[in-house]
Amino acid sequence: MSGPFPPLRDELRGIEPYGAPQLTLEQAPVQLNVNENPYGPSTEAAADISRSVGEAAVSLNRYPDREFVELRTALAAYLDTSGGSGITPDMVWAANGSNEVMLQLLQAFGGPGRVALSFAPTYSMYPEYARDTMTEWVAGHRAEDFSLDLDAARRLVEERRPSVVLLPSPNNPTGTALPPEAVTMLCEAAASYEPGGIIVVDEAYGEFRRAGTPSALELLPRHRNLVVTRTMSKAFALAGARLGYLAADPAICDAIRVVRLPYHLSAVTQATALAALRHAPELLGKVDDLRAERDATVAWLRDQGLEVADSDANFALFGRFADRHAVWQGLVERGVLIRETGPDGWLRVSIGTAEEMAAFRKALLETIEMTEEPA
1 MSGPFPPLRD ELRGIEPYGA PQLTLEQAPV QLNVNENPYG PSTEAAADIS
51 RSVGEAAVSL NRYPDREFVE LRTALAAYLD TSGGSGITPD MVWAANGSNE
101 VMLQLLQAFG GPGRVALSFA PTYSMYPEYA RDTMTEWVAG HRAEDFSLDL
151 DAARRLVEER RPSVVLLPSP NNPTGTALPP EAVTMLCEAA ASYEPGGIIV
201 VDEAYGEFRR AGTPSALELL PRHRNLVVTR TMSKAFALAG ARLGYLAADP
251 AICDAIRVVR LPYHLSAVTQ ATALAALRHA PELLGKVDDL RAERDATVAW
301 LRDQGLEVAD SDANFALFGR FADRHAVWQG LVERGVLIRE TGPDGWLRVS
351 IGTAEEMAAF RKALLETIEM TEEPA
């Protein structure tokens with residue numbers, strides 16, 4: 001066979017698969033790099049999950065409920081306690097992690113000749129969703145403090161007329177939350193041209209937002225083109241279960257049905273998520289502790305003379321370092337794994353237990369002393 005093998009799409013050749021560096025616990029006992037919840041499910045929640053999966057196992061010879069009605073009903077009820085109001089099951093969709101939710105949105109509303117847009121720095125998977133669906137990717141820029149310049153954002157949306165605008169709030173990797181007026185402005189801008197665009201507010205870290213920071217769920221009744229996504233991977237401590245979901249106008253959920261794979265949510269996944277939702281108060285019980293640990297971490301980093309972005313998430317972006325990789329490597333050598341991501345000179349640390357954060361602080365001080373002063 002002549003030519004390069006395998007016959008991969010040209011634009012995918014030479015590209016490394018996405019993924020944060022993975023080290024074993026022996027290599028890095030303190031793992032603070034992928035924004036996981038450090039507190040696993042309680043014994044009671046784990047037992048309910050096991051029991052529910054066991055009940056689902058006896059009928060695994062049958063396909064699962066393709067419409068996962070029971071799960072959508074439970075998710076709608078939860079969202080009505082987490083910033084939403086009047087959310088009904090027909091406004092909810094779910095998939096295998098919010099990654100698949102985003103990909104389905106781009107499959108349904110992106111594609112050749114269409115544009116997906118965000119504002120950098122932003123979640124590094126977004127351009128990959130665009131690439132995989134052959135959607136043109138456009139990245140605007142955030143202000144120096146990582147907020148949105150609303151006038152510049154509106155101009156870019158009106159100029160490029162995107163079909164999909166992706167807005168993480170809190171933003172990853174900076175932790176910056178969007179004010180409601182920014183969401184409203186962009187929804188109105190994306191509705192001002194034909195055929196219009198959808199505004200996707202990615203609230204993967206929404207449960208960690210600080211008191212007084214509203215959820216975009218409050219704006220759903222006002223904007224038909226608004227989509228709010230969530231995940232059970234973070235606050236629910238269910239990263240291994242892979243369950244993400246969204247709330248939107250029912251017509252948007254109907255559109256996603258056209259592109260979703262048949263029976264995409266397994267019976268095991270549905271049973272796991274339903275059991276977790278039954279234990280929502282206890283699974284979310286550590287969120288306040290993680291918020292407090294985040295705020296303490298931000299204050300401590302600033303006390304060391306470092307810049308730290310304001311965070312409404314379960315992580316902190318800090319810098320600036322002349323050689324951030326050297327700092328990252330120094331932490332790894334001391335058993336602490338964080339993430340080398342974001343703008344040049346910055347690093348991101350997930351918020352762990354009090355013991356893990358103490359280990360991070362000790363390792364960072366030793367590393368800075370051995371490598372450099374902050375730039």
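Residue numbers for the sequence shown follow UniProt numbering, so the first one is 1 and each next one is one higher.
Heads up, the beta-carbon is just placed ideally off N, CA and C, and yes, glycines get one too.
Note that the coordinates shown come from a computational prediction; the quantities given were computed from them, not determined experimentally.
Distance CB(residue i)-CB(residue j) smaller than 7 Å
i, j, result
"Leu337", "Ala28", "yes"
"residue 434", "Leu219", "A query on residue 434 cannot be resolved here, the shown segment of the chain reaching from 1 to 375 and no further."
"Ser311", "Arg294", "yes"
"Leu32", "Ser350", "yes"
"Asp48", "Ala271", "no"
"Ala95", "Gly244", "yes"
"Thr122", "Ala309", "no"
"Val298", "Ala313", "no"
"Glu356", "Val115", "no"
"residue 376", "Ala237", "Since the first and last residues shown for the chain are 1 and 375, residue 376 lies out of range."
"His279", "Ala45", "yes"
"Gln107", "Thr133", "yes"
"Arg154", "Met185", "yes"
"Ile256", "Trp137", "no"
C-alpha gap between residue i and residue j, whole angstroms
i, j, result
"Gly206", "Val287", "11 Å"
"Ala191", "Asn225", "7 Å"
"Leu156", "Ala130", "18 Å"
"Arg260", "Gly110", "14 Å"
"Gly212", "Ala177", "11 Å"
"Ala296", "Glu194", "47 Å"
"Ser82", "Glu282", "15 Å"
"Ser85", "Asp323", "47 Å"
"Asp145", "Arg302", "15 Å"
"Arg160", "Glu26", "48 Å"
"Leu284", "Asn99", "22 Å"
"Phe68", "Phe5", "40 Å"
"Gln304", "Trp328", "17 Å"
"Trp346", "Leu306", "10 Å"
"Glu16", "Pro127", "14 Å"
"Ala76", "Gly140", "33 Å"
"Thr24", "Pro38", "16 Å"
"Arg339", "Phe318", "11 Å"
"Leu148", "Met125", "20 Å"
"Arg352", "Gly3", "At residue 352 the sequence reads Gly, which differs from the Arg that was named. Between Gly352 and Gly3, the C-alpha separation is close to 49 Å."
Beta strand (DSSP E) segment containing residue i, residue limits
i, result
"Ser350", "347-350"
"Glu67", "Neither: Glu67 is in no beta strand (DSSP E) and is coded neither H nor E."
"Val92", "92-95"
Closer than 7 Å to chain D by CB, residue i
i, result
"Leu217", "Here there is only one protein chain, and chain D is not present."
8 Å CB neighbourhood of residue i in its chain, flanking five on each side removed
i, result
"Val227", "Leu105, Ile198, Ile199, Val200, Val201, Leu246, Ala247, Ala248, Ile252"
"Arg51", "Ala275"
"Leu60", "Ala267, Val268"
"Pro112", "Met134, Thr135"
"Phe208", "Pro170, Lys234, Ala235, Val287, Leu290, Arg291, Arg294, Asp312, Ala313, Asn314"
"Pro180", "Pro214, Ala216, Glu218, Leu219"
Sequence-distant residues of the same chain with beta carbon closer than 7 Å to residue i, five excluded per side
i, result
"Gly330", "Thr367, Met370, Thr371"
"Gly196", "Ala190, Asn225"
"Asp90", "Pro250, Cys253"
"Glu203", "Ser169, Ser215, Ala216, Val228, Thr229, Arg230"
"Ala74", "Leu274, Leu277"
"Phe360", "Val30, Leu32, Val336, Val349"
"Tyr78", "Leu277, Ala280"
"Thr88", "Ala76"
"Cys187", "Ile199, His223, Asn225, Leu226"
Own chain residues within Cβ distance below 6 Å of residue i, not counting five before or after
i, result
"Val34", "Ala20"
"Arg66", "Tyr263"
"Arg242", "Asn96, Gly97"
Residue i, enclosing alpha helix (DSSP H) - first and last residue
i, result
"Ile49", "43-57"
Give, in chain order, every unbroken run of the beta strand (DSSP E) that is at least 3 residues long and sits entirely within the region 243-299. Taken in chain order, the whole beta strand (DSSP E) runs of length 3 or more contained in the region 243-299 are 244-248.
As an exercise, report each continuous beta strand (DSSP E) stretch of at least 3 residues that is fully enclosed by the region 316-366, in chain order. If only complete runs of 3 or more residues are kept, the region 316-366 shows the beta strand (DSSP E) at 347-350, in order along the chain.
Which full runs of the alpha helix (DSSP H) of 4+ residues lie inside the region 169-245, going along the chain? DSSP runs (the alpha helix (DSSP H)) wholly in the region 169-245: 180-190.
Ordered list of alpha helix (DSSP H) runs contained in the region 115-157, each at least 4 residues: Counting only runs of 4 or more, we get 126-132.
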